[in-house]
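Numbering (UniProt numbering), first residue to last: 1 to 476.
The next block holds one structure in the form of structure tokens; read it before the comments.
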Amino acid sequence: MNQSKKVIVIGAGAAGIAAATRLYEKGIEDVLVLEAENRIGGRIFTFDLPNDDGFIELGAQWIHGEEKNVVFQLISGRDLILSEKLPYNNFEFVRSTSEIINREISDQLHKYLINIQNSDEEFDQKEFKCSGDYFLYRIKEMFRDSKMNAISSEIKNEFIQWWHQYMNSYDGTDSWFDSSILSLSEYCNCEGDSAIAWKKPGYRTLFSVLMEKAQEMSKGRFLESNVLTNKEVKKIRVNDNDVTVECQDGSSYSVNHVILTVSLGVLKEQSERLFENISLPESKVKAIEKLGIGCVNKLFFKFPYQWIPQDRNGICVLWRNEDIEEYSKQGLKWVTDIFAFCRVDNAPNMICGWVTGPSARKIELLEESEVKTQVTRLLRKLVGHQYTIPDPEYFIGGKWSSNPHFRGSYRFLTPETDAMPAVVDSLIAPLKNENNIPVILFAGEGTHKHYYSTVHGAVETGWREADRILTLSSCK
């Protein structure tokens, strides 16, 4: 049965809900959100632990910054964020030999690396092919400082490898050589605390805030009536006077406009077969092809008690090449790519491991028992002489790559896009019908020029495309 709507929003993540509520609040109540998953949230995925053990964030974790951050502005004054949080810079660095790095040395190295990451120093971007080249240049420059002479070359090299893994989690890349040098100037940080943690019930609270006015206007029916889950879209067909959206369950809708908020990973996989009766411009095809999206996953292990001391946030692992080779021979290279284990806000007996790239994708396909066994073995090897580490009760990990509704974590600029100055504009550009009316619009974190990879960026893009529709006579 074909149903008529003015606007369909595909995806109930931050961008999708932001777009739909903006339209609803401005008078377009005939808007419907179609979500392929069985929940709203998209890459915000707050998960309640059994037995009232707290909650974890399998996706977006923090509010990144305060100034000019629309998420922070939306929740400001609502008592939704933690006033006291874990000490995110207070880590113990441990070599794969089980040697604990002297705290003075690790603090010094960590501080230097953070300063490089946050540096406002101007440089000639033409000198570097990618972010990795720039960071290696700056790190070698740092190591020429006489204060570094007392640190062995082995430890320096292991710190470089650790920093490489950390930056991959920051940028969403498999390698820092995959990240454009332009990303250092294109991405914008919001001033203020860069890791603001949520109180219970977690990041999902954002959706209650975004929907607050629409829920009030609809007498509490917006979420129930205007957002449908388990609705996977298989085809978007542009007709003479409308657009048809077909779902896998056989339902279809005739609409004036579609706002598509899926990830870049989904566009890469589905764009060739998703659209019918309309051709994607070559510039958009190239943008989808050349922009990058990687995989960053968190691995949560629930223990009977918290064994990391209260004054520490966690453990960072420095790997010797010999140990990486040994693990690789056993088919366990993925273990060596878990670069940090952290305590978790709002889940006192939980420890979170961080992993990126091919190893993150591999872990998604492993049995829970295998991950638990190998990670417990690693932790006992690293710090078993310091702490008594029990067997974890269970393991929960992200599956952002293998899930066909996401196919990755967040977008980044690649070196190939350096010669494409309008690449993000091409990704954003709406598809127009024969009457030159924008009928398919694009939102989501990947379509933000400067706040890509963030929730506040996603929200802004949802508002951007809703406002674009609001200017059209077809929706007045």
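By construction, the Cβ of each residue, glycine as well, lies at the ideal position given by its N, Cα and C atoms.
Range covered by the alpha helix (DSSP H) that runs through residue i
i      : result
THR21  : 14 to 25
GLU461 : A small fix is needed here, since residue 461 is Thr in this sequence, not Glu. THR461 -> alpha helix (DSSP H) spans 455 to 470.
ILE181 : Unbroken run through ILE181: none, as it is neither H nor E.
GLU322 : 321 to 329
LYS346 : Sequence check: residue 346 is Asn here, not Lys. That residue, ASN346, is in no alpha helix (DSSP H); it is neither H nor E in DSSP.
LEU223 : 222 to 226
Contacts around residue i, its chain only, beta-carbon distance under 6 Å, and the 5 residues preceding and following it disregarded
i           : result
MET167      : TRP176
THR336      : TRP319, ILE324, TYR327
LEU379      : ILE389
SER283      : SER426
residue 493 : For residue 493 there is no data in the structure shown, the boundaries of the chain being 1 and 476.
GLN125      : ILE181
ILE100      : VAL94
ILE396      : PHE300
VAL423      : ALA287, THR417
Beta-ladder partner(s) of residue i, from DSSP
i      : result
ASN2   : SER252
PRO390 : Paired residue(s): none; PRO390 is not in a bridge.
ALA340 : CYS316, TRP354
LYS432 : PRO438
PHE55  : ASP48
ILE63  : ILE196
ILE293 : ARG411
ILE100 : VAL94
ILE81  : TRP198
Backbone secondary structure at residue i - three-state DSSP
i      : result
LYS298 : strand
THR447 : helix
PHE72  : helix
ALA214 : helix
THR46  : strand
GLU276 : strand
LEU34  : strand
ILE139 : helix
TRP198 : strand
VAL262 : coil
PRO164 : In the sequence under discussion, the amino acid at residue 164 is His, which differs from the Pro named in the question. Correct three-state label for HIS164: helix.
TYR28  : According to the sequence provided, residue 28 is Ile. The question's Tyr does not apply to it. Reduced to three states, the DSSP call for ILE28 is coil.
HIS110 : helix
ILE363 : helix
Span of the beta strand (DSSP E) around residue i
i      : result
LYS234 : 233 to 238
ARG95  : 91 to 95
VAL9   : 7 to 10
GLU246 : 243 to 247
Contacts around residue i, its chain only, beta-carbon distance under 7 Å, and the 5 residues preceding and following it disregarded
i      : result
GLU158 : ARG95, LEU318, TRP319, ARG320
VAL255 : LYS5, LYS6, VAL7, ILE8, ASP242, VAL243, VAL245
SER208 : none
VAL262 : ILE10, GLY11, GLY444
ASN38  : THR229, ASN230
Contacting residues, own chain, Cβ-Cβ under 8 Å from residue i (five flanking each side not counted)
i      : result
MET420 : LYS286, ALA287, LYS290, SER426
LEU365 : SER402
ILE116 : PHE135, ARG138, ILE139, MET142
LYS268 : ILE288, GLU289, ILE293, ARG407
VAL55  : Reading the sequence as shown, one finds Phe at residue 55 and not Val. Around PHE55: THR46, PHE47, ASP48, LEU49, LYS200, PRO201, GLY202, ASN346, ALA347.
SER183 : SER131, ASP171, PHE412, LEU413
Cutoff 8 Å: residue i Cβ touching any chain D Cβ
i     : result
HIS64 : Given the protein chain composition of this structure (a single chain), no chain D is represented.
Complete beta strand (DSSP E) runs within the region 368 to 415 (minimum length 3 residues, chain order): Counting only runs of 3 or more, we get 394 to 397.
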